[in-house]
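Taken in sequence, the protein lines are chains A and B.
Here my numbering is used: the first residue of the first sequence is -4, the next is one more, and so on.
Here my numbering is used: the first residue of the second sequence is 14, the next is one more, and so on.
Using N, Cα and C, we set each Cβ at its ideal position, and we do this for glycine too.
Please read all numbers here as calculations on a predicted model, not as lab measurements.
The next block holds one structure in the form of structure tokens; read it before the comments.
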Amino acid sequence: MLVLGVQLVFLVGALGWCAGASLDGASFARHHPASAVLCWTGAVLGLWASLFGLVLLLLFWPGAAGHGFAEMLSTCLTPHSHPGLLWGGLGSCAIAVLCSVRLSRGVPRAWRTVRSRRRHRSMLRLVARADDRHPDVLLLDHPLPVAYCLPAGARSIVISSGARTRLAPAELAAVLAHERAHLRQRHHALLMLLDLSHAALPWLPTFRRAMTAVPLLLEMAADDAAVRRHGPETVRSALENLAVLPGPSGTLAAAGDRPLTRRLDRLDAAADTRSITRPLARIAAVVSVAAPLTTVALTIASIPPTC
Amino acid sequence: MTVPPGPPAPVMRDNGGGGNGKEGHVGDLGGALERAVMDALWAADEPLRVREMLNLLNATSARRLAYNTVQTVAERLTRKGLLRRVPDGQAFRYAPTQSRDDFTVALMLDALTDSPDQGAILARLVESVPEADARRMLDALNARATGPEAGPESGSGVGSDEARG
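Here's what the structure looks like:
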């Protein structure tokens, strides 16, 4: 069990500190945003798994801070007391309380996100019209050129009539492809996971860096999806003519000036055709999730059967 | 398509046909009714009584609505802050709290609140529209900043609404 403990601490250190730092500065992210997003997802999920394993170990490992949690549970029914058990029990309770306090910070956040999405949709229902040309699009009558997407619901993409008149048909198609890529690749869910992770443990560098780096990468990944279908020039002119808004609360962020410039620059640059990056990123993501999960499984397996 | 205060009837049918079967039957019906009431009031020049709304709605809709239904919907919209009541003798008149355009702008701003660089997006938006629209947008932003939500304005990053970090 000592080996497992060291392994978990190592994993938390590697995923919580090193992974964030190396992914944040990585140059391949610019050319392969989707692969970079995959790596970030792997790091975040793996980090959660190793943290879970670490807490489990602390609670059940005799000799660790939460000494005798299982014993305390099994003996508190019998009239048998021992000072060591008491301290162990108190330690375990402290760990349990600490964990639930950290985790409970995320709950109101998630709830608020869901509620504000619902409120936005009910407001949308009062003024938006169904677009008869696209089954997944709602139209807002307003000259501001705007497009955004709202997960859940039948019509999840919102565009304004201003956007429709201002964009050429090919550009509009590119914008729709961009928004559909967001929805198809579940970017909202990933952002929500990041948001909750950051709310729970704001001091972990990987979570903190992911909060700032990933939104832009998601936009770039969606741009790439649009480029594959409609070409870089079309996507470029569409982005210049339109404000692609993030969705309401807790959803897609990053458009605006500086990020937009970076997105446009990227579209101008010649596509990087090194194909080795994508398989490598996949392997890295799988490893960063699988290693903690294996360790956690081993930890659970080595918990003494007395509890 | 481009007429801002659309006539109530086609819009209502549009919603009923377009969003049907996906949002659930009752919810969709409620949404369609709320929408029809809002459309009627947005199209009217003055606050309307429930009876007047009812006549307007029944003149264009295939299905006859009951007085109580319209009153309930108007009350619900008032609770949501979309309508305000004006006392008129024994009864009330209802009027929208915002024009249709202002409501739409507020909706689009709501989609923007969470952006880490909403100031930049706003700047782009303001550049991209005629001056009158830009001015209206700024008014909506002002109302938002001084309103009950006290939403963050441009430049303040994520702001109090999010309290990120």
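{"query": "Residue range of the unbroken alpha helix (DSSP H) whose run includes S111(A)", "result": "G101 to V122"}
{"query": "Cα-Cα separation, L95(B) to A56(B)", "result": "15 Å"}
{"query": "R89(B): CB within 7 Å of a non-hydrogen atom of the ligand FMN", "result": "Inclusion of the ligand FMN in the displayed structure is not the case, the ligand content being empty and no account of it being possible."}
{"query": "Candidates R107(A), L119(A) and S270(A), of which the one nearest M51(B) by Cα", "result": "L119(A)"}
{"query": "Rounded separation between S283(A) and R89(B) - CA only", "result": "51 Å"}
{"query": "Alpha-carbon to alpha-carbon, D114(B) and D131(A)", "result": "23 Å"}
{"query": "Distance between beta carbons of V281(A) and W35(A), contact taken as under 8 Å", "result": "Actually they are not in contact, since the Cβ atoms of W35(A) and V281(A) sit about 14 Å apart, beyond 8 Å."}
{"query": "Whole-number beta carbon distance between L122(B) and L151(B), since they are thought to touch under 8 Å", "result": "No, L151(B) and L122(B) are not in contact; Cβ-Cβ is about 11 Å, not under 8 Å."}
{"query": "Contact with chain A by V99(B), beta-carbon distance below 8 Å", "result": "no"}
{"query": "Cβ of G8(A) within 8 Å of any chain B Cβ", "result": "no"}
{"query": "Beta-carbon gap between P319(A) and L211(A) smaller than 8 Å", "result": "Any question about residue 319(A) goes unanswered here, given that chain A covers just -4 to 302."}
{"query": "Proximity of T110(B) and L135(A) at Cβ, strictly below 8 Å", "result": "no"}
{"query": "Identity of the residue in Y143(A), D127(A), V102(A) and D126(A) nearest H115(A) by Cα", "result": "Y143(A)"}
{"query": "Chain B within 8 Å of D136(A), Cβ atoms only", "result": "yes"}
{"query": "Any chain A beta carbon closer than 8 Å to A153(B)", "result": "no"}
{"query": "Per-residue DSSP class, three states only, for P200(A)", "result": "helix"}
{"query": "L6(A) versus V50(A) - alpha carbon distance", "result": "13 Å"}
{"query": "Element boundaries [alpha helix (DSSP H), containing C34(A)]", "result": "P28 to F55"}
{"query": "Extent of the continuous beta strand (DSSP E) run through P130(A)", "result": "Looking at the DSSP string, P130(A) is not in any beta strand (DSSP E), and its letter there is neither H nor E."}
{"query": "CB of A286(A) within 8 Å of CB of G41(A), strictly", "result": "yes"}
{"query": "Beta strand (DSSP E) segment containing I278(A), residue limits", "result": "Taken as a continuous stretch (DSSP letters only), I278(A) belongs to no beta strand (DSSP E), being part of the alpha helix (DSSP H) at T272 to S297."}
{"query": "Below-8 Å beta-carbon distance, D115(B) vs any chain C residue", "result": "Of the protein chains in this structure, namely A and B, none is chain C."}
{"query": "Terminal residues of the beta strand (DSSP E) in which D58(B) lies", "result": "Segment: none, D58(B) is in no beta strand (DSSP E) and carries neither H nor E."}
{"query": "8 Å Cβ shell around V4(A) - same chain, five flanking residues per side excluded", "result": "L49"}
{"query": "Residue-level contact to chain A via CB, E186(B), 8 Å cutoff", "result": "There is no way to answer for residue 186(B), as the model of chain B reaches only from 14 to 178."}
{"query": "Buried versus exposed call for R157(B) [16 or more other C-beta atoms within 10 Å across all chains shown]", "result": "buried"}
{"query": "Whole-angstrom distance between L120(B) and Y80(B), CA atom to CA atom", "result": "30 Å"}
{"query": "Residue nearest to A276(A) in terms of C-alpha spacing, selected from L33(A), G0(A) and L(-3)(A)", "result": "L33(A)"}
{"query": "Per-residue burial, L67(B) [other beta carbons within 10 Å of its own, 16 or more giving buried]", "result": "buried"}
{"query": "Selection of the region 135 to 156 of chain A by Cβ proximity to chain B, strictly under 9 Å", "result": "L135, D136, H137, P138, L139, P140, V141, Y143, L145, G148, A149, R150, V153, S155 and S156"}
{"query": "Proximal residues of chain B, C-beta to C-beta of L185(A) below 7 Å", "result": "None at all; the shortest Cβ gap to chain B is about 15 Å."}
{"query": "Extent of the continuous beta strand (DSSP E) run through R97(B)", "result": "L96 to D101"}
{"query": "S155(A) and L139(A) closer than 8 Å at C-beta", "result": "yes"}
{"query": "Cβ neighbour criterion (16 or more within 10 Å) applied to G44(B)", "result": "buried"}
{"query": "Residue-level contact to chain A via CB, G102(B), 8 Å cutoff", "result": "no"}
{"query": "Any chain B beta carbon closer than 8 Å to H182(A)", "result": "no"}
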